[in-house]
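Residue numbers (the working numbering), protein chains in the order written: chain X, 941 to 1054; chain F, 39 to 414. Everything on this sheet refers to the single structure shown next.
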């Protein structure tokens, strides 16, 4: 009979003690999210670097092949679309505000009162 | 970043954990080298002139600087990033310790080596540890999450290495090296004898002493069991003979007049005002006549300018180092005298913070560690 899976270890994650506010509660959180994202992008870049080096070591292709890779029109189109979606995703909070401003604008222009 | 020496019991990060930890390190290096210095520009460029214009004078002390600098957007942004980086250190390390803990615990059980471990569940964790988690390590030194837990010790070992940006060296023992070097410079021929390291945490300092002084008998005490358990197996892995025991430095079970040397490495700034007095009283009680006490700690306010003083206290207000504030003002010679040490035999040495090849902890070469020294 297989052993029952062990419960994963859970260590405390939040330090006890009063947390200072630097700008305001929301801005502070937002900035710490940005810093975390900065870290995660660095982690991903390091992982990609490891992958590239292993590929080169095992002679699948060379890192230089990446630098000299020539974009075809079809791939360029795929990437352009993907990039646009990515930008929209990261800037969604700005877009949301813009949308709601437009909605308000529309509602003041209408003659139909609620 | 500098690679840390990893012994058998070390919580070894996997690829992405290591990348995350190295990012935090490099981020903190950037903050220290490229962002922190801007605080001087903000202060002298706009904060000080605005204060002088309003008050007709410069700020008279660090408290006045605090009132105005904490409103400056540059300081606020640096401060937020510094605080976030500190939280990121622990989070990045806890990932590794959570993942590897079952394996580390199993290895700890069968680890062979020198030294002993004596735990005493009756030891109360003092309020100065339970009130807030010092330097933001979640769970601090004393929290047990699993039976016979070593997690907080493992988190501490990697976390403090990242905190110092490798400034304590591959073995993370720079403070032990600094104090030992000072000891042997001042007392080259002194017999080492029986040594007690107070507030040892995972024994980073005392393991170095034990490696350098094979004739000594080394005892290391702390109130927190998880760090002692880890310290014990770490010392075994490094081949050092150290006897770890769970005791409060304010009231130990060492006999009167039984110890040749009492040392501590940045202990005092993490204890209360009353505790410091009790610790000095205890040092006096357990030392043999002619025995020596050496406490190395962080700089006092002393001759620091109002701005420097304010910046040094960032840790007090932003990194849960609440007790460092009072030590910066404390007349330690009075504490020693009250404990029974002869005033003529008490001295505050300012000790060079360089421990090897121009290497200092905390990426700041412009300071010395006070060492509070007294012979009984």
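Ideal placement from N, C-alpha and C gives every residue a C-beta, glycine not left out. A quick note: this is a predicted structure, and the numbers were derived from the prediction, not measured.
Where residue i and residue j are concerned, what is the direct C-alpha to C-alpha distance, given to the nearest angstrom?
i	j	result
residue 294 (chain F)	residue 286 (chain F)	16 Å
residue 266 (chain F)	residue 77 (chain F)	39 Å
residue 1015 (chain X)	residue 41 (chain F)	40 Å
residue 370 (chain F)	residue 387 (chain F)	12 Å
residue 261 (chain F)	residue 153 (chain F)	18 Å
residue 344 (chain F)	residue 350 (chain F)	10 Å
residue 220 (chain F)	residue 984 (chain X)	44 Å
residue 354 (chain F)	residue 1000 (chain X)	54 Å
residue 240 (chain F)	residue 246 (chain F)	12 Å
residue 129 (chain F)	residue 375 (chain F)	43 Å
residue 81 (chain F)	residue 107 (chain F)	7 Å
residue 176 (chain F)	residue 1022 (chain X)	39 Å
residue 205 (chain F)	residue 75 (chain F)	19 Å
residue 1011 (chain X)	residue 64 (chain F)	33 Å
residue 986 (chain X)	residue 100 (chain F)	42 Å
residue 90 (chain F)	residue 97 (chain F)	8 Å
residue 391 (chain F)	residue 406 (chain F)	5 Å
residue 50 (chain F)	residue 136 (chain F)	11 Å
Any beta carbon from chain F within less than 7 Å of residue i's own beta carbon?
i	result
residue 965 (chain X)	no
residue 983 (chain X)	yes
residue 989 (chain X)	no
residue 971 (chain X)	yes
residue 951 (chain X)	yes
residue 994 (chain X)	no
residue 975 (chain X)	yes
residue 1014 (chain X)	no
residue 962 (chain X)	yes
residue 947 (chain X)	no
residue 1005 (chain X)	no
residue 997 (chain X)	no
residue 1002 (chain X)	no
residue 956 (chain X)	yes
residue 942 (chain X)	Bear in mind that the predicted position of residue 942 (chain X) carries a pLDDT of just 49, short of 50, making it too unreliable to give a figure here.
Within its chain, find whatever has a CB closer than 8 Å to the CB of residue i; leave out the 5 residues flanking it on each side and keep chain order.
i	result
residue 69 (chain F)	116, 119, 120, 123
residue 365 (chain F)	306, 307, 314, 335, 336, 338
residue 298 (chain F)	229, 230, 231, 232, 233, 325, 326, 329, 330
residue 368 (chain F)	311, 314, 338
residue 184 (chain F)	139, 143
residue 1035 (chain X)	1028
residue 102 (chain F)	89, 344
Keeping to the same chain, check which residues put their C-beta closer than 6 Å to that of residue i; ignore five residues upstream and five downstream.
i	result
residue 275 (chain F)	45, 46, 47
residue 256 (chain F)	233, 244, 248, 280
residue 104 (chain F)	348
residue 1050 (chain X)	Legend: pLDDT at residue 1050 (chain X) = 43, less than 50; position of this residue unreliable, value from coordinates given subsequently. Cβ neighbours of residue 1050 (chain X) beyond the five flanking positions: none.
State yes or no: is the C-beta of residue i within less than 7 Å of the C-beta of residue j?
i	j	result
residue 192 (chain F)	residue 268 (chain F)	yes
residue 283 (chain F)	residue 259 (chain F)	yes
residue 389 (chain F)	residue 409 (chain F)	yes
residue 271 (chain F)	residue 197 (chain F)	no
residue 43 (chain F)	residue 162 (chain F)	no
residue 252 (chain F)	residue 188 (chain F)	no
residue 356 (chain F)	residue 957 (chain X)	no
residue 384 (chain F)	residue 412 (chain F)	yes
residue 237 (chain F)	residue 302 (chain F)	yes
residue 200 (chain F)	residue 59 (chain F)	yes
residue 134 (chain F)	residue 952 (chain X)	no
residue 67 (chain F)	residue 127 (chain F)	no
residue 322 (chain F)	residue 378 (chain F)	yes
residue 955 (chain X)	residue 171 (chain F)	yes
Tell me where the beta strand (DSSP E) around residue i begins and ends.
i	result
residue 232 (chain F)	232-236
residue 284 (chain F)	280-284
residue 86 (chain F)	Element bounds for residue 86 (chain F): not the beta strand (DSSP E) but the alpha helix (DSSP H), 86-93.
residue 384 (chain F)	384-390
residue 256 (chain F)	255-260
Near residue i, which residues of its chain fall below 7 Å by C-beta distance, leaving aside the five closest residues on each side in sequence?
i	result
residue 968 (chain X)	961, 962
residue 941 (chain X)	Confidence is the limiting factor: at residue 941 (chain X) the pLDDT is only 43, short of 50, which leaves the residue's position unreliable, though a coordinate-based value still follows. If we look at residue 941 (chain X) and ignore the five residues flanking it on each side, it has no Cβ neighbours.
residue 290 (chain F)	259, 320, 324
With a threshold of 7 Å between beta carbons, is residue i in contact with chain X?
i	result
residue 358 (chain F)	yes
residue 351 (chain F)	no
residue 182 (chain F)	no
residue 122 (chain F)	yes
residue 144 (chain F)	no
residue 192 (chain F)	no
residue 171 (chain F)	yes
residue 415 (chain F)	Residue 415 (chain F) lies beyond the residue range present for chain F, which begins at 39 and ends at 414; the question has no answer from this structure.
Grab the span of the alpha helix (DSSP H) containing residue i for me, first residue to last.
i	result
residue 317 (chain F)	311-324
residue 348 (chain F)	344-350
residue 411 (chain F)	Premise fails: residue 411 (chain F) lies in the beta strand (DSSP E), 406-413, not in any alpha helix (DSSP H).
residue 122 (chain F)	111-148
residue 371 (chain F)	370-377
residue 54 (chain F)	53-68
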